[in-house]
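Numbering of the sequence shown is given in the numbering used here, commencing with residue 229 and proceeding in unit increments.
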Amino acid sequence: MARLKQLFQGFILSLILSNTGFADDTATKNIETIKLTDQIYMLMGQGGNIGVSIGDDGVFLIDDQYAPLNPKIKAAIAKLSDKPIRFMINTHWHFDHTGGNENLGHDGVIIVAHNNVRERMSKAGFIAAFNKKIPASPKAALPIITFNDEITFHLNNDVIKVAHQSHAHTDGDSIIFFQKSNVIHMGDTFFNGLYPFIDASSEGKINGMIRTAKHILNLADDHTQIIPGHGPLGNKHALQQFHGMLVSVRDNMKILIAQGKSIEEIVKLKPNAKLDKVWGNGFLNPEAFLKIVHATMPKQ
């Protein structure tokens, strides 16, 4: 848990300390490589967890954290494969997942993402939960292939299904399913062991998070390895716990909103006190998470 808290503190510091989203100490972070199969790996550093597929067809990458970490990420990949990085797909637009795009774009890597990811990266943005302005990304960082619903890659003796999940963490989330390897990367639609950030400014909604988790639970079996956007490697059981937590939080909030409670009153009531002990030890404390959930729900 201490490791998770450290990762999320790094994320929030990067939001606060810099206009570009890069914390001063990012370049000092090490990259941890976790083997899932002979062809699939997970890289942990600072920012969103990276997925890597290696094989005769080259390297397929999922997300790229921050620009200052790019040399260390490339070095970690070079230890796994001498093939070039051919494709990199962004699970969504947030800079802790896209900060390395520009470097990879200059290297000739083909960047892929949902239509809404390119749209949001192409112009200045704003994350209201952190009162944070995000500058538009340079041209080299933008996805050059975009899709609306789904796209499939046939690489490294696997079938890689990429599917858009609407209005979950953002409006441009993608989940990536390596069918033969039985590995799923969920991006920030899954925060393993911690309350998730849901970006209402990017049309994220808790109901979409719940729907996405349920969808993956229907795809997964007891042997599926699930890479979360943040937190340790997960599995179906971990995702079931996450889904159950989200449903409880949503239902508690729904009742209080129907009673006409203000967010200030809801915070004082601590409706998720039992859950807070398990899930509230990340970069989002229970009060901050309540406010985020409240912002994503209808107020009728």
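Cβ coordinates follow ideal geometry from the N, Cα and C atoms, glycine included.
For residue i, the three-state DSSP class (helix, strand or coil)
| i | result |
| --- | --- |
| serine 281 | strand |
| methionine 272 | strand |
| threonine 452 | coil |
| valine 506 | helix |
| histidine 382 | strand |
| threonine 374 | strand |
| threonine 417 | helix |
| histidine 392 | strand |
| glycine 327 | coil |
| lysine 498 | coil |
| leucine 332 | helix |
| leucine 297 | helix |
Residue i to residue j span [Cα, whole Å]
| i | j | result |
| --- | --- | --- |
| aspartate 427 | asparagine 480 | 20 Å |
| valine 506 | asparagine 359 | 27 Å |
| leucine 264 | histidine 413 | 12 Å |
| proline 526 | isoleucine 483 | 12 Å |
| phenylalanine 315 | glutamine 487 | 49 Å |
| isoleucine 282 | glycine 336 | 18 Å |
| phenylalanine 236 | glycine 510 | For phenylalanine 236, the predicted structure reports a pLDDT of 49, less than 50, and the residue's modelled location is therefore unreliable. A value from the coordinates is still provided. Looking at the two C-alpha atoms, the distance is approximately 6 Å. |
| lysine 307 | isoleucine 262 | 12 Å |
| glycine 432 | aspartate 399 | 6 Å |
| asparagine 500 | histidine 382 | 44 Å |
| proline 460 | tryptophan 321 | 21 Å |
Supposed contact pair residue j and residue i - C-beta distance, whole angstroms, cut 8 Å
| i | j | result |
| --- | --- | --- |
| threonine 319 | aspartate 416 | 7 Å |
| alanine 341 | proline 371 | 4 Å |
| alanine 303 | glycine 333 | Actually they are not in contact, since the Cβ atoms of alanine 303 and glycine 333 sit about 19 Å apart, beyond 8 Å. |
| serine 476 | glycine 436 | No, serine 476 and glycine 436 are not in contact; Cβ-Cβ is about 17 Å, not under 8 Å. |
Neighbour flag for residue i against chain D, beta carbons, 8 Å
| i | result |
| --- | --- |
| tyrosine 294 | Although the question refers to chain D, the structure presented lacks it and comprises just one protein chain. |
Residue i, enclosing alpha helix (DSSP H) - first and last residue
| i | result |
| --- | --- |
| lysine 519 | 514–524 |
| glutamine 468 | 464–486 |
| glycine 436 | 434–447 |
| aspartate 427 | Neither: aspartate 427 is in no alpha helix (DSSP H) and is coded neither H nor E. |
Buried or exposed (CB count within 10 angstroms, at least 16 for buried), residue i
| i | result |
| --- | --- |
| glutamine 407 | exposed |
| serine 490 | exposed |
| glutamate 330 | buried |
| leucine 422 | buried |
| isoleucine 403 | buried |
| asparagine 446 | exposed |
| leucine 243 | Model confidence at leucine 243 stands at a pLDDT of 45, short of 50, so the residue's coordinates are unreliable; what they give is reported in the following sentence. Buried, since its Cβ has 16 or more Cβ neighbours within 10 Å. |
Host beta strand (DSSP E) of residue i (start-end)
| i | result |
| --- | --- |
| valine 411 | 411–413 |
| aspartate 266 | That residue, aspartate 266, is in no beta strand (DSSP E); it is neither H nor E in DSSP. |
| alanine 341 | 338–342 |
| serine 402 | 401–406 |
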